Structures are given as structure tokens and as C-alpha cells.
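Heads up, the thing below is written out as C-alpha cells.
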Amino acid sequence: MSSEESAAASRLEGRDAAVRMRGISKSFDGVRVLTDVDFEVRRGEVHALAGGNGAGKSTLMKILQGVYSLDAGEIEIDGQPVQLSSIQDARAAGIGMVFQEFSLVPTLTVAQNISLGVEPLGRAGLIRDREAVRQARAVFAEMEVDVDPRAVVGDLGTAYWQLTEIAKALSQQARVLIMDEPTASLAKHEADALFELVGRLTQRGISVIYISHRMEEVYRIADRITILRDGRRLLTKPLTEVSPEEIVQGIVGKEIEGQMSYLQRNAYGDVGEPVLELRDVTAGPRVQGISFQVARGEIVGLAGLMGSGRTELARVLFGIDPIRSGSIVVRGVELRLQGPQDAIRAGIALIPEDRRAQGLILDHSVRENLTLPLLGRMRRGPLLDDRKGRALARGLIERFRVKVADPDRPVRRLSGGNQQKVVIAKWLGTDPQILVMDEPTAGVDIGTKNEILAAIRSLADQGMAVLMISSEYPELLAVSDRVVVLRDGRVHRQMDRAEIPDENHLQLVVQGA
Amino acid sequence: MSTTTGPGPGPTETSAPEVGARSLTGLLRGLDWRRYIIYIGFVVVFMVFAVTLGDRGFVSSNNLLNIFRQAATISIIAVGVTFVISCAEIDLSVGSVAGLASVCTAMAISNWGIVAGILAGLAVGVVVGAINGTLVSMLNIPSFLVTLGMLGMAAGVAQWITGSAPQPILDDTYNLIFGGGNFGPVPGLLVWMALFVALGTVVLAKTRFGRQVLATGGNRIAAEFSGVRTRRIKFQVMLLSAVVASVAGMLYAGRLESGRFQWGAGDELSAIAAVILGGTSLFGGYGTVIGTLFGSLMISLINNGLILAGLETSQQQVVRGAIIILAVALGRRK
Numbered sequence: 000m001s002s003e004e005s006a007a008a009s010r011l012e013g014r015d016a017a018v019r020m021r022g023i024s025k026s027f028d029g030v031r032v033l034t035d036v037d038f039e040v041r042r043g044e045v046h047a048l049a050g051g052n053g054a055g056k057s058t059l060m061k062i063l064q065g066v067y068s069l070d071a072g073e074i075e076i077d078g079q080p081v082q083l084s085s086i087q088d089a090r091a092a093g094i095g096m097v098f099q100e101f102s103l104v105p106t107l108t109v110a111q112n113i114s115l116g117v118e119p120l121g122r123a124g125l126i127r128d129r130e131a132v133r134q135a136r137a138v139f140a141e142m143e144v145d146v147d148p149r150a151v152v153g154d155l156g157t158a159y160w161q162l163t164e165i166a167k168a169l170s171q172q173a174r175v176l177i178m179d180e181p182t183a184s185l186a187k188h189e190a191d192a193l194f195e196l197v198g199r200l201t202q203r204g205i206s207v208i209y210i211s212h213r214m215e216e217v218y219r220i221a222d223r224i225t226i227l228r229d230g231r232r233l234l235t236k237p238l239t240e241v242s243p244e245e246i247v248q249g250i251v252g253k254e255i256e257g258q259m260s261y262l263q264r265n266a267y268g269d270v271g272e273p274v275l276e277l278r279d280v281t282a283g284p285r286v287q288g289i290s291f292q293v294a295r296g297e298i299v300g301l302a303g304l305m306g307s308g309r310t311e312l313a314r315v316l317f318g319i320d321p322i323r324s325g326s327i328v329v330r331g332v333e334l335r336l337q338g339p340q341d342a343i344r345a346g347i348a349l350i351p352e353d354r355r356a357q358g359l360i361l362d363h364s365v366r367e368n369l370t371l372p373l374l375g376r377m378r379r380g381p382l383l384d385d386r387k388g389r390a391l392a393r394g395l396i397e398r399f400r401v402k403v404a405d406p407d408r409p410v411r412r413l414s415g416g417n418q419q420k421v422v423i424a425k426w427l428g429t430d431p432q433i434l435v436m437d438e439p440t441a442g443v444d445i446g447t448k449n450e451i452l453a454a455i456r457s458l459a460d461q462g463m464a465v466l467m468i469s470s471e472y473p474e475l476l477a478v479s480d481r482v483v484v485l486r487d488g489r490v491h492r493q494m495d496r497a498e499i500p501d502e503n504h505l506q507l508v509v510q511g512a
Numbered sequence: 000m001s002t003t004t005g006p007g008p009g010p011t012e013t014s015a016p017e018v019g020a021r022s023l024t025g026l027l028r029g030l031d032w033r034r035y036i037i038y039i040g041f042v043v044v045f046m047v048f049a050v051t052l053g054d055r056g057f058v059s060s061n062n063l064l065n066i067f068r069q070a071a072t073i074s075i076i077a078v079g080v081t082f083v084i085s086c087a088e089i090d091l092s093v094g095s096v097a098g099l100a101s102v103c104t105a106m107a108i109s110n111w112g113i114v115a116g117i118l119a120g121l122a123v124g125v126v127v128g129a130i131n132g133t134l135v136s137m138l139n140i141p142s143f144l145v146t147l148g149m150l151g152m153a154a155g156v157a158q159w160i161t162g163s164a165p166q167p168i169l170d171d172t173y174n175l176i177f178g179g180g181n182f183g184p185v186p187g188l189l190v191w192m193a194l195f196v197a198l199g200t201v202v203l204a205k206t207r208f209g210r211q212v213l214a215t216g217g218n219r220i221a222a223e224f225s226g227v228r229t230r231r232i233k234f235q236v237m238l239l240s241a242v243v244a245s246v247a248g249m250l251y252a253g254r255l256e257s258g259r260f261q262w263g264a265g266d267e268l269s270a271i272a273a274v275i276l277g278g279t280s281l282f283g284g285y286g287t288v289i290g291t292l293f294g295s296l297m298i299s300l301i302n303n304g305l306i307l308a309g310l311e312t313s314q315q316q317v318v319r320g321a322i323i324i325l326a327v328a329l330g331r332r333k
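These protein sequence lines map, in sequence, to chains A and B. Using numbering that gives the first Met the number 0, the first residue of the first sequence is number 0, and each one after it goes up by one. Using numbering that gives the first Met the number 0, the first residue of the second sequence is number 0, and each one after it goes up by one.
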């Protein structure tokens, strides 16, 4: 604790604790998830919370939000012991959550969402809409951001959703905000604006618990970091006293050797024949005459800003959206894609961007999810042979080292990283020749990310053509043999990996400087 | 900012007495009894009636057979509806499709004979199902609205073409096969019920189609991304439901030796209740045909018991409604 005392980065000197959790323990079905964890956030502090898959971050935060009860331990908020047995309790105690999957009603306006449940009522108990708008405007003014309270949430971009979430928490007098991967769906300038907002909030004594896998962000805005591993607290330190290597090692639990640096692979590279060839592919405003090739064994990174057409291109390649003109050629044969099943038949697999909405059926079991694209292989006559299904699933689980206690339990119960592994394993089961991945490491911890990157390399080594979309330049540069930069639905630049000295260079190209 | 452990015993000591309680709840949770609530409920209700109504002949083989017989047509309709609800759709038109099928079958038999009659009945299911399916899957109109409209249209057509008159069926072979007679010692209706339940169980749980129905109901987008043609699946479940309902209508016709537009009226609600009682998720993604069978047996059981108990029709409705709500509430998944 001595380092912590000394650290008390000048800003936090003498500040009281806003949240103090002591000796927190929690088990599910007899499995220990948290063991005697201490966690403290001071007033006006940004406290980063880090840890790998199943380290207990989410559980600890859900206890603080009143979603889970604790088996042992105590919680104090502003020095007062509290019992948080429901979300309402936590909210009343001043805990606000900015959800990773947003909790807004898309069909209501910004103001209606902010006042949801606490609508200002007039005489006769009718809602005073104008007052709600005024209140919303006041909160946004305090936050110093410009959002129209009368706009319908569904019409706004994700950055505005997030601002609305924050405004909603603040309007309910939240003094501690929990932010879980808040920048996951933001463009760079939006993330910058968010960091500035966080700075202003802490000035006003609001504390932020910041969960992120992105190291730069943590260093940029957090005062201290707590790392959990295997349900225990590993360390709490000011960021001025901890190195990135120490954090990574703390999360992963072992030294990781250069996964994030580019490895010259024994690639087929230029000798490989093009497996996938796009010729002047046009489909809608964001896919305007795109041409490039991906060779056997090659990993091509697809970079670009939000809205540059990366995801839209992936959808066209997988037959989800129709192609307007141009052609997609696989091994010299032009595809006529009517739907994803045609793409699958042509040997294309897509790891979609949003695993919860597009990749998985959360309430179905791990086994059912894994075998969904493989039902054709489980047939015995007209029936499905569940023994074959079980064997197929077991093989994929082992091959991709997915941590599952029981493949028959719902995939919802897995951590984010393991869910992502299930999505990837599901597609590898189809033995594709072309793998299209859209943000394959979004929201997974550094350990899983390294495993995924290593897997991508080894798949390419086995001859698969990989097209990888990523907004994280370090990982894009770590695996790509070539990078295609899209801008406004067109190919802006194509570069060999060797032409790109570092991520800053790539950043500049992407932003068009 | 010290983190000294607070006063009082450490967590290891406090956890000891809790272990027993926790492992017991853990065990209960592990059993996932909610999933089996319909079977538990069925047994409980059966026992209650057996004890209280034993002297009024509740447990006589004749009465038990009656319970099954009364459940038969609803179970068959409910098998089709299980697929629809598992796929996160709904079919409100099944009752009036059964009525229309009974009428068309009866009219075709009296004009052209038994084969034409059977084909006419099935044709009703195919045509109505194809219309429902097309509107739902191709035009993306919510199935609730499509089938609500079809409920009225099918009933209207049945009444219109018959001038509201019952259409007698004089073909004994037809009546014998379709629910009127016995196959050996077993009432024909029960054989039909067993056949549809068995087929439905296998198709939903053990075929590619069934798995794709559940996947589409569980998360349509993820299913589509996984190569499931979800439009086609939606079309197929609407078609299947209507065809199964038309067979149920033909069974009404055989048992009652006539076609009439009222046959099956209101059955959609009983069938939906049976499906939900049986544990199929109203939001799609999970469903079992065996559960549905027990759901409709449960409804039939309750009806039978309440009649034997001497309750009036009005009172029966109240008690039946309450039992259904209770069962669904207990079986609600967290």
C-alpha cells in the first residue's frame, strides 16, 4: 500500500474515497469468481480496471451496480456502508453505468430517454415534455457538448448515444460512472472528445471507473489502475509507476513474446495465385468501384475511418447486400451471390463485427452455435446425428482453446473473449478458403487478442486468404502482409507492409494527410 | 487509504455455514426445474383430481381416454404452432383454417369422392399457408397481422361457400379413417395425435430444418450470417402450420361426420396456450413438441376435472385461466 500512498498523484492528494469495496467474494454455482477483492476509487479519480477473460472485472462491476449480490465483503460509498441489492439501490447511491451495449430506447428522443422513469410531471400527472427537454439541455450544457434533446436517438450516431447515456446518468445525480470499453465504437475524434469530457467531469468531482483493453487510452486518462487476475486483485498502482509491459504481463499472467510486432511469415505472398479478386465492385454509396486481390496465404488488412466502406464491403463479399456492378471472382470463377449461403459454398467465411447481434445466438448452447453452419455434415439420412455434432463441437473447442465448462450451456454465460473465440471457431469449422474478419478482436482482452492474432497467422500459413478489417492499427500492422486503405467507399491506397514504417504513418494515410 | 480487513471474522469463516444453503440452491438451480414445470404441473394437477374426484370416475380408463381424445385435435394444431412460435412468429389463423378445411373436404367428398376430399382439405392448408408465408417472409409484414387478417378471411370464406349450413359427410371410409373410428383397440384420433407429435418431435429436434427454425427464432441476423435462409425458413413454418391445421380440420370433419365453419373456431388460443405451457419461448429460439403435447393434455385435463367437479362453464373458464397463468408464471425463464 505504500506505493499507493506516495503515489496519490498530486491531483488526488487527500481526496476521500467515493467507492470502497472491501473483501469482496462471489461464487456462481460453486465456482469462485471473486476472492477477497479490495477496490477503491477516489473522488474525481479516473480508475482503470483491467484483467483478462474471466478475471472478474464484469462481476465486480455488476456487484457495484447491484446486479449481483455479494457473498462476502462490504461496500462503502462516500464513506457510508451501503447494501446494493438492486440496480435502483446502486443508482440511488450515485453509481451510473455507461453501457457497452447501450441501454437507450431508439424510438424515443434524447430528452425522453434521459428522463425515462423520472419524467417531470405537471398537474394532473401528465408529462411536461418541454421541462424534460429543458433539463436535458441543462445537463448537456454542463457537459459542454452539443446534442439536440429533441432528436430521436435511433437517428443519431453511436457517439451521440454515448453522450446521451452519460447525460442520463448525470441527470440522475451519478457521482461514479462506470465506462466499459467506451471507445469501442467511436472514431478517433469522437474518442478525443470523450476524453475531454471525462476530464471535465472529474474536475467536478465525479469519479470514473474505466474498463478498456486499449493501453494508450488508459495511460492517457486514468490516474490509477487496478488489475484483477483469476478473481483476485493483483495490484493497484498509479499509472506513473507502472509500465505497459507490467500491465500486459499482469493481465496475461506470463511474458508474451512479440505477438504485436509483425512477423515475416513463410508466406505464399507474391507466388500465391489470387484466391479472391474484386473487380470494380460497386454497391451503394459506400462501395464505389473497389478493386484489389488477396492471394493464397496472404493477409490483407483493410483500413479506413468509420464510414469508409469497410464493413459495407465485407457485407457485399458475404452476399448479405447485393452487388450493383463489378464482380467478385474466387479462383477465377465469378460469383453470383444471392445470400450468405452462396458465399459459404464458395468457401468464404465472415466473422461479423457485432458478435452478439450477428455472430451468436446467445441463448443457445456453445455446441448449437458452433454447429449451426455445419448442420449439413451432421446428417445421417434425414436426421441430425448429435453425436457427430458433439464431436465436431469438441474438436473446434479444443482447436481454438475456448474455455468452456460445458458445451451444452448457453453461450451467453461465456466471457466476451471466449464468445469471440466461439464465433471464430464456428467459422473455421466450415474450412473456408477465404476468411473475412470484421474487427475480430473488438472488446477482447490482450491475452485472447494475442491468441486470435496468432491463429490468423497460422491460418494464413496453411494457405487461407485472409481479409482483416481493424480499427486498431497495431494489430492490423502485426498481421497484415499488405494494407488496403479505403476512403469514401473507394480504394485510397494499397501498400505492402514493408512500406509502412509504423502505425503513425498508417494513421496519416487513413486520415488522408 | 489502507485496505485493512474490516472488523469481524474473515471471509473464510463466514462462508462455512453458508455452504450448505448455497449448494442446495445450486442443486435446485442445476436441475433447471422450470424447464420441466409442465410435467411437474401435469402430475400435480392429475394427482389432485385423482384424489378429490376419484369417486366421480376421474381415474376410470374411459375418462382418461376422454382426456386424450379431447386433447387430440388441439395437440395436432399445436404441433404446427410450436414451429411457428419457436421461429419467433405467431399463427392466429389455425382455428379458422381447420374450419375451412373441414368444409372444403366435406363438399369435395360429396361431389367427387374421398380422394378429392382429402386433396381439397390439404389444398386449403397449402394455399392459406403459402399466402401467410409469402406475406410474412417476402413482404416482412408481421405474422400477427397477417394471420389475424387470415383468421377472419378463412372463417368468412367457410361460412360464405356453405351458406352457414353444415355439410354432412356420408363416406364411412373417410369418417372411419379421419378420427371417427378405432384402429384396433385404439381410437383413431389418438393414433393421429401420436403420429403428429412423433413427427414434430423428430423434425424440430433432430433435423437440419428444425435446428434452423430454432436458430432463426433465437437470433435471425446471426442465423442469416450463418448461412440459414431465414426467409425460406419463415415461409416454411407458416406453410407447415397451416397444413397441419388443415389436417386437424379434416379430423374434425371425420369425427363429427360433417364440415362446418365453426369447427376449430377459437382453437388458435388453446393451441398457443398449449405451446407456451409446454415451455416453448414466446420470443422464439426454444421449443419442444413433447412439451406442447403435455400443454394440451394439461388443458384437457383441467377441463375434464372441472366438469367432473360440477363447475359451471363460467366458473371453468375462470379456473382454467388462472391455472394457465400460474403455470406460465412458474415456468418463466429468468
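Positions of the beta carbon are idealized from the N, C-alpha and C atoms, including for glycine. Every value quoted in this text rests on a predicted model; they were computed, and no experiment measured them.
Worksheet entry | Pairwise C-alpha distance: residue 409 (chain A) and residue 362 (chain A) | Mapped onto the first sequence, residue 362 (chain A) falls at position 363. Mapped onto the first sequence, residue 409 (chain A) falls at position 410. A direct Cα-to-Cα measurement between residue 362 (chain A) and residue 409 (chain A) gives close to 5 Å.
Item to complete: Verify the CB distance criterion: does residue 82 (chain A) have a CB-CB separation below 8 Å to chain B?
Response: Numbered from its first residue, the first sequence carries residue 82 (chain A) at position 83. No - not a single Cβ of chain B is within 8 Å of the one on residue 82 (chain A).
Item to complete: Using three-state DSSP, classify residue 70 (chain B) as helix, strand or coil.
Response: Within the second sequence, numbered from 1, the residue matching residue 70 (chain B) stands at position 71. Residue 70 (chain B): helix per DSSP, three-state reduction.
Item to complete: Please confirm if residue 378 (chain A) has its CB atom under 8 Å from at least one CB of chain B.
Response: Residue 378 (chain A) sits at position 379 when you count from the first residue of the first sequence. Closer than 8 Å: yes.
Fill in: Near-chain A residues of the region 32-58 of chain B - C-beta to any C-beta below 8 Å
Within the region 32-58 of chain B, no residue qualifies.
Item to complete: Consider the Cβ of residue 218 (chain B): report whether some Cβ of chain A lies at a distance smaller than 8 Å.
Response: Looking up residue 218 (chain B) in the second sequence gives position 219. It does; some Cβ of chain A falls within 8 Å.
Item to complete: Can you grab the Cα-Cα spacing for the pair residue 214 (chain B) / residue 270 (chain B), in whole Å?
Response: The sequence position of residue 214 (chain B) within the second sequence is 215, counting from 1. The sequence position of residue 270 (chain B) within the second sequence is 271, counting from 1. Each residue's alpha carbon lies about 22 Å from the other.
Worksheet item: Considering only C-alpha positions, which residue in the set A:453, A:404, A:412 is nearest to residue 423 (chain A)?
Response: As a working note, residue 423 (chain A) is residue 424 in the first sequence. The candidate whose alpha carbon is nearest that of residue 423 (chain A) is A:453.
Worksheet item: What are the start and end residues of the alpha helix (DSSP H) that includes residue 217 (chain A)?
Response: By one-based count along the first sequence, residue 217 (chain A) stands at place 218. Secondary structure note for residue 217 (chain A): its alpha helix (DSSP H) is the uninterrupted segment 214-220.
Worksheet item: Does DSSP classify residue 47 (chain A) as helix, strand or coil?
Response: Mapped onto the first sequence, residue 47 (chain A) falls at position 48. Here residue 47 (chain A) sits in strand by DSSP.
Worksheet entry | Contacts that residue 338 (chain A) makes with chain B (C-beta to C-beta distance below 7 Å) | On the first sequence, position 339 is the one that residue 338 (chain A) refers to. Within chain B, the residues near residue 338 (chain A) are 228.
Worksheet item: How big is the Cα-Cα spacing for residue 38 (chain B) and residue 360 (chain A)?
Response: Numbered from its first residue, the second sequence carries residue 38 (chain B) at position 39. Numbered from its first residue, the first sequence carries residue 360 (chain A) at position 361. Roughly 27 Å between the two C-alpha positions.
Discussion item. Measuring only the C-alpha atoms, how far is residue 290 (chain A) from residue 506 (chain A)?
Written reply: Along the first sequence, read from residue 1 onward, the residue named residue 290 (chain A) stands at position 291. Along the first sequence, read from residue 1 onward, the residue named residue 506 (chain A) stands at position 507. Taken atom to atom, the span from the alpha-carbon of residue 290 (chain A) to that of residue 506 (chain A) is near 22 Å.
Worksheet item: Residues of chain A with a CB under 8 Å from the CB of residue 284 (chain B): which are they?
Response: Here the question's residue 284 (chain B) lines up with position 285 in the second sequence. Those within 8 Å of residue 284 (chain B) in chain A are 360, 362, 363.
Worksheet item: Hey, is the region 234-245 of chain B in contact with the region 49-63 of chain B, meaning 3+ C-beta pairs nearer than 8 Å?
Response: No, the region 234-245 of chain B does not touch the region 49-63 of chain B.
Worksheet item: In chain B, which residues lie less than 7 Å from residue 423 (chain A) when you measure between Cβ atoms?
Response: Taking the first sequence and counting its residues from 1, one reaches residue 423 (chain A) at position 424. What residue 423 (chain A) touches in chain B: nothing, since even the nearest Cβ is about 13 Å away.
Worksheet entry | Which residues DSSP lists as bridging residue 378 (chain A), in chain order | In the first sequence, residue 378 (chain A) corresponds to position 379, counting from 1. Under the DSSP definition of a beta bridge, residue 378 (chain A) partners with A:383.
Discussion item. So, for residue 175 (chain B): in the same chain, excluding its five sequence neighbours on each side, which residues have a beta-carbon less than 8 Å away from its beta-carbon?
Written reply: Looking up residue 175 (chain B) in the second sequence gives position 176. Answer for residue 175 (chain B): 187, 253, listed in chain order.
Worksheet item: In three-state DSSP terms, what is residue 185 (chain A)?
Response: Residue mapping note: residue 185 (chain A) aligns to position 186 of the first sequence, counting from 1. DSSP, reduced to helix, strand and coil, places residue 185 (chain A) outside both helices and strands of the structure shown, so it counts as coil.
Worksheet item: What residues in the region 174-208 of chain B have a beta carbon less than 8 Å from any beta carbon of chain A?
Response: Cβ contacts with chain A come from 201, 205, 206, 207.
Item to complete: Would you mind stating whether residue 33 (chain A) and residue 249 (chain A) have Cβ atoms separated by less than 8 Å?
Response: As a position in the first sequence, residue 33 (chain A) is number 34, starting the count at 1. As a position in the first sequence, residue 249 (chain A) is number 250, starting the count at 1. Annotated as distal: residue 33 (chain A) and residue 249 (chain A), with beta-carbon spacing of 8 Å or more.
Worksheet item: At what residues does the alpha helix (DSSP H) containing residue 22 (chain A) begin and finish?
Response: Position 23 of the first sequence holds residue 22 (chain A). It is not in any alpha helix (DSSP H) - residue 22 (chain A) instead sits in the beta strand (DSSP E) that spans 16-27.
Item to complete: Using three-state DSSP, classify residue 338 (chain A) as helix, strand or coil.
Response: In the first sequence, the residue the question calls residue 338 (chain A) occupies position 339. Coil at residue 338 (chain A), not helix or strand.
Discussion item. If contacts are defined as beta-carbon pairs under 8 Å, then residue 216 (chain B) and residue 283 (chain B) qualify, I think. What distance do you get, rounded to the angstrom?
Written reply: Position 217 of the second sequence, counted from the start, is the residue given in the question as residue 216 (chain B). Position 284 of the second sequence, counted from the start, is the residue given in the question as residue 283 (chain B). Yes, residue 216 (chain B) and residue 283 (chain B) are in contact; Cβ-Cβ is about 3 Å, under 8 Å.
Worksheet item: How many whole angstroms separate the CB atoms of residue 260 (chain B) and residue 154 (chain B), which I take to be in contact at a CB cut-off of 8 Å?
Response: Here residue 260 (chain B) refers to the residue found at position 261 of the second sequence. Here residue 154 (chain B) refers to the residue found at position 155 of the second sequence. Rounded, the Cβ-Cβ distance is 6 Å, consistent with contact.
Practice prompt. Return the Cβ separation of residue 374 (chain A) and residue 383 (chain A) in integer angstroms, given the expectation that the two are a contact with Cβ distance under 8 Å.
Written response: If you number the first sequence from 1, residue 374 (chain A) lands on position 375. If you number the first sequence from 1, residue 383 (chain A) lands on position 384. Distance from residue 374 (chain A) to residue 383 (chain A) at the Cβ level is roughly 6 Å; contact confirmed, criterion being Cβ atoms closer than 8 Å.
Item to complete: Sort out for me which residues DSSP pairs residue 66 (chain A) with in a bridge.
Response: Taking the first sequence and counting its residues from 1, one reaches residue 66 (chain A) at position 67. BP columns for residue 66 (chain A) are empty, so no partner.
Fill in: Spatially closest choice to residue 275 (chain A) from A:412, A:287, A:295, by CA coordinates
For this step, residue 275 (chain A) is matched to residue 276 along the first sequence. Of all alpha-carbon atoms in A:412, A:287, A:295, the one lying nearest the alpha-carbon of residue 275 (chain A) is that of A:295.
Fill in: alpha helix (DSSP H) segment containing residue 141 (chain A), residue limits
In the first sequence, counting from the first residue as 1, residue 141 (chain A) sits at position 142. Note, residue 141 (chain A): alpha helix (DSSP H), 128-142.
Discussion item. Give the list of continuous beta strand (DSSP E) stretches no shorter than 3 residues that lie fully inside the region 294-323 of chain A.
Written reply: Entirely contained in the region 294-323 of chain A, the beta strand (DSSP E) runs reaching 3 residues are, in chain order, 298-302.
Practice prompt. Could you tell me which chain B residues have their CB closer than 7 Å to the CB of residue 343 (chain A), listed as they occur along the chain?
Written response: As a working mapping, residue 343 (chain A) is identified with position 344 in the first sequence. Ordered by position in chain B, the residues that pass the 7 Å Cβ test against residue 343 (chain A) are 226.
Item to complete: Would you check if the distance between the CB atom of residue 132 (chain B) and the CB atom of residue 250 (chain B) is smaller than 8 Å?
Response: For this step, residue 132 (chain B) is matched to residue 133 along the second sequence. For this step, residue 250 (chain B) is matched to residue 251 along the second sequence. If you check the CB distance, residue 132 (chain B) and residue 250 (chain B) do not come in under 8 Å.
Fill in: Within-8 Å CB hit, residue 13 (chain A) to chain B
Counted from its first residue, the first sequence places residue 13 (chain A) at position 14. Output row for residue 13 (chain A): interface = no.
Fill in: Per-residue DSSP class, three states only, for residue 168 (chain B)
As a working mapping, residue 168 (chain B) is identified with position 169 in the second sequence. In this structure, residue 168 (chain B) counts as coil in the three-state DSSP scheme.
Discussion item. Please report the distance separating the alpha-carbon of residue 334 (chain B) from that of residue 247 (chain A).
Written reply: Outside the displayed span of chain B (0 to 333) sits residue 334 (chain B), for which this structure offers no information.
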